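Protein chains in written order, with my numbering: chain C, 213 to 561; chain Z, 55 to 548. All C-beta atoms, glycine included, are put in the ideal place defined by N, C-alpha and C. Computed from a prediction, not measured in an experiment: that's the story for all the values here.
Written out as structure tokens, the structure reads:
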């Protein structure tokens, strides 16, 4: 046991003395949270709108009033021909043009489609505002996220991404570093069980990951106003299962990689890319091609992010996320077993 | 009494390379046994097999009576191992390293203190310093302390003194002598002949085969052509000035009162000397005496705190760019790209120094022919033996015909025969008018220089031809001169 603590202490010293890495590890969650919370947003707000009409008909008048009354659209100009409107959009002065055709009552929307997702959303919003003439917009009641804040969506996703990155990448790099520096040889030629070496290495990163998790949760609650309606106990509990899973993955990578660079690339490419692309963080899994959906089914953060959305935002009980938690636990068990069985007690040749 | 180490017909292949082939020998309890042979002979592989890190393809080995394959854990409890590479944690302090390794072996520094006292007491005053900030000699002492703290019965030392100065090496081997008195069996490898002679028996390994085993003198005599090659005849001895360069000043390096201070610590403390064209100048000193710092100032990598100096006629304080164009440099860390071929490396360095393509092509052929490397032109550098790499690195460093070439411990870790070939290249370069400025820890190489200086505590304490110095200090050879002067050092090596 004393050996174990001495090992953990040594590992903690490595981490604490590497100031720059520490700064990045703690700075990254803060920066990412602020970026996703404030800067990157998919909320529809203040869309610069051009109204195209040759003479203001009563219908057009009404529509314009309804549009400017909503917080979604801002009328920036009124022009006579569609060509002028197109010019405005091409010169990046407007995002959307609403063309009231003269004589008959048709309506045409012209949208800047450079960002197809946003264009789709603007069109939907504009259609709702314009079609429903009696009231303003169809009154829809949004459960759990009444203000349509994207932070609600991103916070669980950032947790899924960062915890995976920090645990898997940092453990694999720190183990491979010992291989590279030659210290692993000395550790192996000692009475210490190689397994203990590895477990002791994971402990400081487990602590670090929990600290980062706390930072993210505190920021989410106090800075981004994301409610933590679910049970904090289960949020942390499920997160720890996920952290263990990430640590096992890191261990697995360290078995394969011989240099720190390879460990880094493996963690970044093999883990991070699928996490970002296939976990439902940016693009909904349901709208992916069938093949990618199958691949997405084995991406662990997907289940974690789903579970966190349900637990944090919807505030459901643990039994509602039983499926996700079971899948995560099984994956953890599987990866950990493989990593431990594959761990080499001698040098590879 | 059973032997401490018993090796029976051990073979090991890496892919298609035969690292060890049917090696058998035994080492008695308490014996100091040397493992010698050129780079790539299979020494490290043998260590790893004995330390249970690798499995042999064939044959068996026992350490302290335990089988290396089946009784791995028993062996790991009983041996101390110092791998060839520096194997401590650079970001932990001396004391933290020692404590960590003590707990690793289930003991404490206090309990194991008696077994390491002789060694650790020498570095104990630096206990709060980071291991990475220690000098080469001190690092080896710390590594040895860490390997000894649990009182192992067998100690494996893989080239423990490569890159360590002669005085520290002597101290290191004196310590090994005290370990023998305590009954610890030692298996050590070394490229230094004086260390080979301090072993009781040695085994000579060459390309994976055991070529001979016996008392050091017998083996050294038997393989004299490798370990004790005849001295080199200096062709065109003295200083040869190429006629087309005669307009330049006679002194290629001139230094006056050069000082480099880091805070209150004077790494280089007021040195003055000059080196003539075509001269081979040996720049000696113990680890931490200030050699590397001085060399960095001469090559324009570092600004002097005070003092003046010129290299090939350019001011070292202001004309770094000019200096860099007119010198060659080869560092102790190997300075070619391992993943490029021989020809690609030459092409690259020629290009860096602004040589024309046709000139590079012509000189590449000349060079490869001179080195007899023609067949290996398109081989990856990583596939060459260390001695070849060093010869190639040297040839590349003088490829652009610099006025002076700086060699920082160019021959670390290679056998005497290869070093001798390397020195033939140096003489060749000097004969062509290239001044050679070289640091080394091999005192036989010091004898090959035209003139040498010995640095102690940041100052030059002696300068002159090898014969002059031997006479002045009444010592039989350079090794004794060096030891005599370096022992006067007062400042701690770091």
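For residue j and residue i, believed in contact at Cβ under 8 Å, the rounded distance
i	j	result
residue 67 of chain Z	residue 111 of chain Z	6 Å
residue 436 of chain Z	residue 393 of chain Z	7 Å
residue 240 of chain Z	residue 211 of chain Z	7 Å
residue 279 of chain C	residue 341 of chain C	6 Å
residue 338 of chain Z	residue 491 of chain Z	No, residue 338 of chain Z and residue 491 of chain Z are not in contact; Cβ-Cβ is about 12 Å, not under 8 Å.
residue 375 of chain C	residue 425 of chain C	7 Å
residue 417 of chain C	residue 383 of chain C	5 Å
residue 181 of chain Z	residue 149 of chain Z	4 Å
Bridge partner(s) assigned by DSSP for residue i
i	result
residue 120 of chain Z	Z/117
residue 267 of chain Z	Z/257
residue 368 of chain Z	Z/365
residue 174 of chain Z	Answer is none; residue 174 of chain Z lacks a bridge partner.
residue 489 of chain Z	Z/458
residue 211 of chain Z	Z/136 and Z/242
residue 308 of chain Z	Z/328 and Z/364
residue 263 of chain C	C/290 and C/310
residue 87 of chain Z	Z/241 and Z/255
residue 339 of chain Z	Z/509
residue 346 of chain Z	Beta-bridge pairing links residue 346 of chain Z to no other residue.
residue 79 of chain Z	Z/61
Amino acids of chain C, ordered along the chain, whose beta-carbon sits closer than 8 Å to that of residue i
i	result
residue 71 of chain Z	The premise fails here: residue 71 of chain Z is roughly 11 Å from chain C at the closest Cβ pair, so nothing lies under 8 Å.
residue 271 of chain Z	The premise fails here: residue 271 of chain Z is roughly 32 Å from chain C at the closest Cβ pair, so nothing lies under 8 Å.
Where residue i meets chain Z, residues with beta-carbon distance less than 7 Å
i	result
residue 621 of chain C	The requested residue 621 of chain C is not part of the displayed model; chain C covers only 213 to 561.
residue 214 of chain C	157
Neighbouring residues, chain Z, relative to residue i (Cβ below 8 Å)
i	result
residue 395 of chain C	141, 142 and 143
residue 522 of chain C	Residues of chain Z passing the Cβ test: none, with the nearest at roughly 43 Å.
residue 222 of chain C	143, 146, 150 and 154
residue 225 of chain C	145, 146 and 150
Contact list for residue i against chain C, beta-carbon separation under 9 Å
i	result
residue 131 of chain Z	402 and 403
residue 106 of chain Z	400, 401, 557 and 558
residue 13 of chain Z	Beyond the ends of chain Z as shown, which are 55 and 548, falls residue 13 of chain Z; an answer cannot be given.
Residues of its chain near residue i, where Cβ-Cβ distance is below 7 Å and the 5 sequence neighbours each way are ignored
i	result
residue 488 of chain C	373 and 494
residue 409 of chain Z	454
residue 376 of chain Z	368
residue 143 of chain Z	151 and 185
residue 297 of chain Z	Low local confidence applies: a pLDDT of 43 at residue 297 of chain Z is under 50, so the model's placement there is unreliable, with the coordinate-based value given in what follows. Answer for residue 297 of chain Z: no residue qualifies.
residue 472 of chain C	385, 388, 389 and 392
residue 544 of chain C	453, 456, 457 and 460
residue 515 of chain C	536, 539 and 540
residue 221 of chain Z	340, 537, 540 and 541
residue 162 of chain Z	156
residue 130 of chain Z	106
Beta-carbon neighbours of residue i, restricted to chain C and to distances below 7 Å
i	result
residue 109 of chain Z	558
residue 160 of chain Z	215 and 403
residue 102 of chain Z	559
Chain-ordered neighbours of residue i on chain Z, where CB pairs are closer than 9 Å
i	result
residue 229 of chain C	145, 146 and 184
residue 282 of chain C	Here the premise fails: no neighbours, minimum Cβ distance about 59 Å.
residue 218 of chain C	153, 154, 156, 157 and 158
Cβ shell of residue i (< 6 Å), same chain only, five flanking positions each side left out
i	result
residue 467 of chain Z	216 and 245
residue 359 of chain Z	313, 314 and 315
residue 465 of chain Z	473 and 476
residue 505 of chain Z	335 and 519
residue 513 of chain C	372, 376, 487 and 491
residue 437 of chain C	none
Residues of its chain near residue i, where Cβ-Cβ distance is below 8 Å and the 5 sequence neighbours each way are ignored
i	result
residue 435 of chain C	245, 246 and 249
residue 542 of chain Z	510 and 515
residue 95 of chain Z	259, 260, 261 and 262
residue 218 of chain Z	190, 191, 194, 226, 341 and 495
residue 432 of chain Z	395, 396 and 397
heavy atom of the ligand SAH below 8 Å from residue i C-beta
i	result
residue 459 of chain Z	The ligand SAH is not part of the structure shown, which contains no ligands of any sort.
Interface positions of the region 402-434 of chain C facing chain Z (Cβ-Cβ less than 7 Å), listed along the chain: 402, 403 and 404
- request: May I ask you to list, following chain order, the residues of the region 376-394 of chain C that have a beta carbon less than 8 Å from some beta carbon of chain Z?
  value: 393 and 394
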